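Trainee: Numbering (the numbering used here), first residue to last: 10 to 217.
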Amino acid sequence: LQSVPELSPSGVGSVILLGMLCAGVSVLFCMTMETAGKYYKQIFKNGYIRIFVGGCIVVGLTLLLGTRDYNGAGMDVITRAIAGEAEYPAFLWKILLTALTLGAGYKGGEIVPSFFVGATFGCVVGPWIGLPASFAAGTGMAALFCGVTNCPIASVILCVELFGAEGIAYYTLACAVSYMLSGYYGLYSEQKIMYSKMQPEFINKSVH
10 LQSVPELSPS GVGSVILLGM LCAGVSVLFC MTMETAGKYY KQIFKNGYIR
60 IFVGGCIVVG LTLLLGTRDY NGAGMDVITR AIAGEAEYPA FLWKILLTAL
110 TLGAGYKGGE IVPSFFVGAT FGCVVGPWIG LPASFAAGTG MAALFCGVTN
160 CPIASVILCV ELFGAEGIAY YTLACAVSYM LSGYYGLYSE QKIMYSKMQP
210 EFINKSVH
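(1) Touching or not, the segment 93-100 and the segment 130-139, by the rule of three or more beta carbon pairs under 8 Å?
(2) Bridge partners for Tyr197 per DSSP, in chain order?
(3) Roughly how many whole angstroms lie between the Cα atoms of Gly135 and Lys54?
(4) What are the complete alpha helix (DSSP H) segments, minimum 4 residues, inside the segment 163-213?
(5) By a C-beta neighbour count over all protein chains shown, 10 Å radius and 16 as the cutoff for buried, is Asp85 buried or exposed?
(6) Enumerated in chain order, which unbroken segments of the alpha helix (DSSP H) with a length of 4 residues or greater are wholly contained in the segment 61-108?
(7) Take every Cβ of the segment 42-53, pair it with every Cβ of the segment 158-167, and state whether three or more of those distances are shorter than 8 Å.
(8) Does DSSP classify Ser215 as helix, strand or coil?
(9) On the three-state DSSP scale, how would you describe Gln11?
(10) I need the DSSP call for Lys50, collapsed to helix, strand or coil.
(11) If you drop the 5 nearest sequence neighbours on each side, which residues of the same chain put their C-beta closer than 6 Å to that of Ala183?
(12) Which residues mark the beginning and the end of the alpha helix (DSSP H) in which Gly120 is found?
(13) Skipping 5 residues on each side, what residues in its chain have a beta carbon closer than 7 Å to that of Phe211?
(14) Three Cβ pairs or more, each shorter than 8 Å: is that satisfied between the segment 102-120 and the segment 75-82?
Printed below as a string of C-alpha coordinates:
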(Lines of atoms letter the chains of each structure in order from A and count residues from 1; the text may use other names and numbers.)
(Lines give C-alpha, C1' and ligand atoms only; values in the text may rest on other atoms or scores of the structure.)
Protein backbone atom coordinates (compact mmCIF):
# COMPACT_ATOMS: atom_id res chain seq x y z
CA LEU A 1 0.00 0.00 0.00
CA GLN A 2 1.16 3.52 -0.70
CA SER A 3 0.24 4.68 2.82
CA VAL A 4 -1.51 3.53 5.99
CA PRO A 5 -3.28 6.28 7.99
CA GLU A 6 -2.40 6.72 11.64
CA LEU A 7 -4.96 5.37 14.08
CA SER A 8 -7.37 8.21 14.86
CA PRO A 9 -11.09 8.76 15.58
CA SER A 10 -11.68 10.08 12.06
CA GLY A 11 -9.80 7.16 10.55
CA VAL A 12 -11.81 4.70 12.64
CA GLY A 13 -15.07 6.31 11.51
CA SER A 14 -14.05 6.20 7.86
CA VAL A 15 -13.00 2.54 8.07
CA ILE A 16 -16.28 1.63 9.79
CA LEU A 17 -18.14 3.32 6.94
CA LEU A 18 -15.99 1.47 4.40
CA GLY A 19 -16.80 -1.82 6.12
CA MET A 20 -20.52 -1.01 6.01
CA LEU A 21 -20.38 -0.17 2.32
CA CYS A 22 -18.39 -3.31 1.54
CA ALA A 23 -21.01 -5.37 3.38
CA GLY A 24 -23.67 -3.92 1.08
CA VAL A 25 -21.63 -4.62 -2.04
CA SER A 26 -20.91 -8.16 -0.86
CA VAL A 27 -24.64 -8.80 -0.53
CA LEU A 28 -25.16 -7.36 -4.02
CA PHE A 29 -22.42 -9.66 -5.35
CA CYS A 30 -23.94 -12.77 -3.77
CA MET A 31 -27.48 -11.90 -4.88
CA THR A 32 -26.37 -11.18 -8.45
CA MET A 33 -24.49 -14.49 -8.63
CA GLU A 34 -27.50 -16.42 -7.34
CA THR A 35 -30.01 -14.59 -9.54
CA ALA A 36 -28.00 -15.01 -12.75
CA GLY A 37 -27.68 -18.76 -12.27
CA LYS A 38 -31.37 -19.11 -11.43
CA TYR A 39 -32.61 -17.22 -14.50
CA TYR A 40 -30.21 -18.96 -16.86
CA LYS A 41 -31.61 -22.31 -15.75
CA GLN A 42 -35.22 -21.13 -15.98
CA ILE A 43 -34.85 -19.71 -19.50
CA PHE A 44 -32.42 -22.22 -21.01
CA LYS A 45 -33.15 -25.76 -19.86
CA ASN A 46 -30.42 -27.28 -22.01
CA GLY A 47 -27.00 -26.82 -20.43
CA TYR A 48 -25.17 -26.57 -23.76
CA ILE A 49 -27.49 -23.83 -25.01
CA ARG A 50 -27.10 -22.06 -21.66
CA ILE A 51 -23.31 -22.04 -21.98
CA PHE A 52 -23.43 -20.90 -25.61
CA VAL A 53 -25.82 -18.03 -24.87
CA GLY A 54 -23.85 -17.00 -21.77
CA GLY A 55 -20.64 -16.92 -23.77
CA CYS A 56 -22.27 -14.77 -26.47
CA ILE A 57 -23.57 -12.34 -23.83
CA VAL A 58 -20.13 -11.97 -22.24
CA VAL A 59 -18.43 -11.51 -25.62
CA GLY A 60 -21.05 -8.95 -26.64
CA LEU A 61 -20.66 -6.95 -23.42
CA THR A 62 -16.87 -7.09 -23.74
CA LEU A 63 -17.06 -5.64 -27.24
CA LEU A 64 -19.48 -2.92 -26.12
CA LEU A 65 -17.24 -1.96 -23.20
CA GLY A 66 -14.18 -1.92 -25.44
CA THR A 67 -11.92 -3.50 -22.84
CA ARG A 68 -11.03 -6.94 -21.54
CA ASP A 69 -10.36 -5.66 -18.01
CA TYR A 70 -13.42 -7.54 -16.77
CA ASN A 71 -12.52 -10.87 -18.36
CA GLY A 72 -10.38 -13.40 -16.54
CA ALA A 73 -9.00 -12.95 -13.05
CA GLY A 74 -8.20 -9.26 -13.48
CA MET A 75 -5.02 -9.28 -11.43
CA ASP A 76 -3.66 -6.32 -13.38
CA VAL A 77 -6.74 -4.28 -12.45
CA ILE A 78 -6.34 -5.26 -8.80
CA THR A 79 -2.70 -4.15 -8.95
CA ARG A 80 -3.73 -0.79 -10.39
CA ALA A 81 -6.41 -0.36 -7.71
CA ILE A 82 -3.88 -1.03 -4.93
CA ALA A 83 -1.72 1.63 -6.59
CA GLY A 84 -4.68 4.02 -6.29
CA GLU A 85 -6.11 3.86 -9.81
CA ALA A 86 -9.55 2.43 -10.66
CA GLU A 87 -12.51 3.29 -12.88
CA TYR A 88 -15.69 4.21 -11.02
CA PRO A 89 -18.00 1.53 -12.52
CA ALA A 90 -15.35 -1.21 -12.58
CA PHE A 91 -16.68 -3.08 -9.54
CA LEU A 92 -20.22 -3.16 -10.96
CA TRP A 93 -19.09 -4.43 -14.36
CA LYS A 94 -16.99 -7.14 -12.71
CA ILE A 95 -19.94 -8.29 -10.59
CA LEU A 96 -22.17 -8.45 -13.68
CA LEU A 97 -19.72 -10.24 -15.98
CA THR A 98 -18.68 -12.70 -13.26
CA ALA A 99 -22.32 -13.58 -12.58
CA LEU A 100 -23.12 -13.93 -16.28
CA THR A 101 -20.07 -16.16 -16.83
CA LEU A 102 -20.35 -18.48 -13.84
CA GLY A 103 -24.15 -18.51 -13.89
CA ALA A 104 -24.08 -19.86 -17.45
CA GLY A 105 -21.99 -22.82 -16.31
CA TYR A 106 -18.41 -21.75 -16.95
CA LYS A 107 -15.94 -22.49 -14.18
CA GLY A 108 -13.22 -20.16 -12.98
CA GLY A 109 -13.82 -19.28 -9.37
CA GLU A 110 -15.35 -16.43 -7.41
CA ILE A 111 -12.54 -15.52 -5.01
CA VAL A 112 -10.24 -13.46 -7.24
CA PRO A 113 -13.26 -11.64 -8.72
CA SER A 114 -14.25 -10.76 -5.15
CA PHE A 115 -10.75 -9.31 -4.66
CA PHE A 116 -11.26 -7.32 -7.88
CA VAL A 117 -14.62 -5.97 -6.75
CA GLY A 118 -13.41 -5.07 -3.26
CA ALA A 119 -10.19 -3.42 -4.44
CA THR A 120 -11.80 -1.32 -7.17
CA PHE A 121 -14.75 -0.35 -4.98
CA GLY A 122 -12.49 0.63 -2.10
CA CYS A 123 -10.24 2.60 -4.44
CA VAL A 124 -13.05 4.73 -5.84
CA VAL A 125 -15.04 5.23 -2.64
CA GLY A 126 -12.08 5.75 -0.27
CA PRO A 127 -11.33 9.39 -1.16
CA TRP A 128 -15.03 10.23 -0.75
CA ILE A 129 -14.97 9.08 2.87
CA GLY A 130 -11.57 10.44 3.83
CA LEU A 131 -9.28 7.47 3.14
CA PRO A 132 -6.29 7.25 0.77
CA ALA A 133 -7.32 5.40 -2.40
CA SER A 134 -4.56 2.79 -2.13
CA PHE A 135 -5.25 1.99 1.53
CA ALA A 136 -9.01 1.87 0.92
CA ALA A 137 -8.45 -0.51 -2.00
CA GLY A 138 -6.50 -2.98 0.14
CA THR A 139 -8.88 -2.71 3.07
CA GLY A 140 -11.93 -2.91 0.82
CA MET A 141 -10.54 -6.00 -0.87
CA ALA A 142 -10.34 -7.82 2.46
CA ALA A 143 -13.66 -6.48 3.78
CA LEU A 144 -15.58 -7.55 0.69
CA PHE A 145 -13.87 -10.94 0.64
CA CYS A 146 -14.96 -11.30 4.26
CA GLY A 147 -18.54 -10.38 3.38
CA VAL A 148 -18.89 -12.95 0.60
CA THR A 149 -17.07 -15.80 2.38
CA ASN A 150 -17.97 -15.14 6.04
CA CYS A 151 -14.34 -15.70 7.03
CA PRO A 152 -13.23 -12.70 9.13
CA ILE A 153 -10.04 -14.17 10.60
CA ALA A 154 -8.78 -15.38 7.22
CA SER A 155 -9.55 -11.95 5.76
CA VAL A 156 -7.47 -10.13 8.38
CA ILE A 157 -4.59 -12.59 7.96
CA LEU A 158 -4.79 -12.06 4.19
CA CYS A 159 -4.29 -8.31 4.69
CA VAL A 160 -1.34 -8.81 7.01
CA GLU A 161 0.27 -11.26 4.56
CA LEU A 162 -0.13 -8.86 1.66
CA PHE A 163 0.37 -5.45 3.26
CA GLY A 164 2.08 -5.99 6.60
CA ALA A 165 0.74 -5.53 10.12
CA GLU A 166 0.93 -1.73 10.32
CA GLY A 167 -2.79 -1.29 9.60
CA ILE A 168 -4.03 -4.43 11.37
CA ALA A 169 -6.39 -2.48 13.64
CA TYR A 170 -8.10 -0.95 10.62
CA TYR A 171 -8.18 -4.23 8.70
CA THR A 172 -9.74 -6.01 11.65
CA LEU A 173 -12.34 -3.29 12.13
CA ALA A 174 -13.36 -3.23 8.47
CA CYS A 175 -13.64 -7.02 8.29
CA ALA A 176 -15.60 -7.21 11.55
CA VAL A 177 -18.12 -4.63 10.36
CA SER A 178 -18.47 -6.26 6.94
CA TYR A 179 -18.93 -9.70 8.52
CA MET A 180 -21.55 -8.43 10.95
CA LEU A 181 -23.61 -6.46 8.43
CA SER A 182 -23.43 -8.77 5.41
CA GLY A 183 -26.12 -10.95 6.95
CA TYR A 184 -26.32 -14.60 6.04
CA TYR A 185 -25.37 -14.25 2.41
CA GLY A 186 -22.43 -16.13 0.92
CA LEU A 187 -20.99 -17.45 -2.32
CA TYR A 188 -21.21 -21.08 -1.23
CA SER A 189 -24.66 -22.45 -0.43
CA GLU A 190 -23.15 -25.41 1.46
CA GLN A 191 -21.66 -23.06 4.06
CA LYS A 192 -23.30 -22.90 7.48
CA ILE A 193 -23.11 -20.08 10.01
CA MET A 194 -23.08 -21.77 13.40
CA TYR A 195 -23.62 -18.70 15.59
CA SER A 196 -25.67 -15.55 15.09
CA LYS A 197 -23.69 -12.54 13.90
CA MET A 198 -25.64 -10.17 16.12
CA GLN A 199 -26.13 -12.00 19.41
CA PRO A 200 -24.73 -15.00 21.33
CA GLU A 201 -27.06 -17.61 19.89
CA PHE A 202 -26.49 -20.98 18.21
CA ILE A 203 -28.35 -20.92 14.87
CA ASN A 204 -26.69 -23.48 12.52
CA LYS A 205 -28.01 -21.52 9.51
CA SER A 206 -27.19 -22.13 5.85
CA VAL A 207 -26.14 -19.09 3.83
CA HIS A 208 -28.17 -17.92 0.85
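C-beta: ideal position from N, C-alpha, C; glycine also. The model shown is predicted, which means the values in this text are computed figures rather than measured ones.
Mentor: The answer reads as follows:
(1) yes
(2) None, per the DSSP bridge assignment.
(3) 43 Å
(4) 177-190
(5) exposed
(6) 84-91
(7) no
(8) strand
(9) coil
(10) helix
(11) Val24, Leu27, Gly28, Thr148, Ala152
(12) Residue identity differs from the one stated: residue 120 is Ile in this sequence, not Gly. 120-134 is the span of the alpha helix (DSSP H), which, as asked, contains Ile120.
(13) Met203, Tyr204
(14) yes
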